[in-house]
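Novice: Numbering (this note's numbering), first residue to last: 3 to 81.
For glycine and all other residues, C-beta sits at the position ideal for the given N, C-alpha and C.
All figures in this text were calculated on a predicted structure; none of them were measured in a lab.
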């Protein structure tokens, strides 16, 4: 799941080398935190959150075959 999110985000942003995904498991939920370069935040969120919603939809669809719930958070990069 992590690789899928990295591939999607890397295709959208100008600085794919700065795409970082942290994952943690909580019961039956996989939490993925997507972090990109500050200049690319607008690209992964999109106008009105459309891109972020689309990313979450794709991740949810790909997680159903594993009977897993996925939560994608887009976070600001530290530093």
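Which whole runs of the beta strand (DSSP E) in the stretch 33 to 79 are 3 residues long or more, in chain order?
Specialist: Within the stretch 33 to 79, the complete beta strand (DSSP E) runs of at least 3 residues are 71 to 78.
Novice: Looking at the unbroken alpha helix (DSSP H) that takes in residue 9, where does it start and where does it end?
Specialist: It spans 4 to 14 - the alpha helix (DSSP H) in which residue 9 sits, taken as one unbroken run.
Novice: Rounded to the nearest angstrom, how far is the Cβ of residue 77 from that of residue 42, given a contact under 8 Å?
Specialist: Incorrect: roughly 13 Å between the Cβ atoms, too far for contact.
Novice: With distances taken from CA atoms, which of 22, 61, 49 and 18 is nearest residue 74?
Specialist: Among 22, 61, 49 and 18, the Cα nearest to that of residue 74 is on 61.
Novice: Are the CB atoms of residue 38 and residue 20 nearer to each other than 8 Å?
Specialist: It is a contact, given that the beta carbons lie within the stated cut-off.
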